[in-house]
Amino acid sequence: MILSTTDFVPNKEIIEIVGIARGSTVRARNVGRDIFAGFKNLVGGEINEYTQLQAESREEAIFRMKKDAENLGADAIINVRFSTAMIMQGTAEILAYGTAVKLK
Numbered sequence: 131m132i133l134s135t136t137d138f139v140p141n142k143e144i145i146e147i148v149g150i151a152r153g154s155t156v157r158a159r160n161v162g163r164d165i166f167a168g169f170k171n172l173v174g175g176e177i178n179e180y181t182q183l184q185a186e187s188r189e190e191a192i193f194r195m196k197k198d199a200e201n202l203g204a205d206a207i208i209n210v211r212f213s214t215a216m217i218m219q220g221t222a223e224i225l226a227y228g229t230a231v232k233l234k
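The numbering used here applies: residue 131 is where the sequence shown begins, and numbers increase by one.
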């Protein structure tokens, strides 16, 4: 599955738009990470535990978006975007979405 943040795929012709492909995951913080993050907040610097949680969430959302596009019969997803929204205190949804297309 080809992914592109642009509205085209270089050297390929889009012959059909088959729909919107999307994938999301909702993740919650964990108490252990929160305690460590609290200490890190006192001294400053990157909170690696949250960075890792966000990276894993994005990868899962991408995986699910690609599966959705495959189910639509797409060859590629263009205009790929991400969105993050807080669902409730301590939880967030990561959404990956784009236009599923067939290529010549």
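Here a beta-carbon is modelled for each residue, glycine too, at the ideal position from N, C-alpha and C.
Task: Cβ neighbour criterion (16 or more within 10 Å) applied to Asp205 - done: Locating residue 205 in the sequence shown gives position 75, where the first residue counts as 1. Buried is the call here.
Task: Heavy atom of the ligand NAD within 6 Å of Ser154 beta-carbon - done: Of ligands this structure carries none, so the ligand NAD is not represented either.
Task: the region 135 to 147 touching the region 214 to 225, judged by at least three CB pairs closer than 8 Å - done: Three or more beta-carbon pairs separated by less than 8 Å are not found between the region 135 to 147 and the region 214 to 225, which leaves the two stretches without contact.
Task: Inter-residue Cα distance where the pair is Glu176 and Lys234 - done: For the purposes of this step, residue 176 is identified with residue 46 of the sequence shown, where counting begins at 1. For the purposes of this step, residue 234 is identified with residue 104 of the sequence shown, where counting begins at 1. Each residue's Cα considered, the two are about 44 Å apart.
Open item on the list: Considering only DSSP beta bridges, list what Phe212 is partnered with.
Closed with: Your numbering for residue 212 matches position 82 in the sequence shown. BP columns for Phe212 point to Ala226.
Task: Which residues DSSP lists as bridging Glu143, in chain order - done: Against the sequence shown, residue 143 aligns to sequence position 13. Beta-bridge pairing links Glu143 to no other residue.
TODO: Would you identify the three-state DSSP class for Thr181, choosing helix, strand or coil?
DONE: Sequence index remark: in the sequence shown, residue 181 carries index 51 (1-based). In this structure, Thr181 counts as helix in the three-state DSSP scheme.
Task: Whole-Å CB distance - Met131 paired with Lys196, under 8 Å assumed - done: Residue 131 sits at position 1 when you count from the first residue of the sequence shown. Residue 196 sits at position 66 when you count from the first residue of the sequence shown. The Cβ separation is near 5 Å, so the contact holds.
Task: Coarse secondary structure for Ser134, derived from DSSP in three states - done: By 1-based counting over the sequence shown, the position of residue 134 is 4. In the structure shown, Ser134 sits in coil (DSSP, three-state: anything other than H, G, I, E or B).
- [ ] Spatial neighbours of Ala191 within its chain, please: CB distance less than 8 Å, with the 5 preceding and 5 following residues excluded, ordered by chain position.
- [x] Position 61 of the sequence shown, counted from the start, is the residue given in the question as residue 191. Excluding residues within five positions, the ones whose Cβ falls inside 8 Å are Gly153, Ser154, Thr155, Phe212, Ile224, Leu225 and Ala226.
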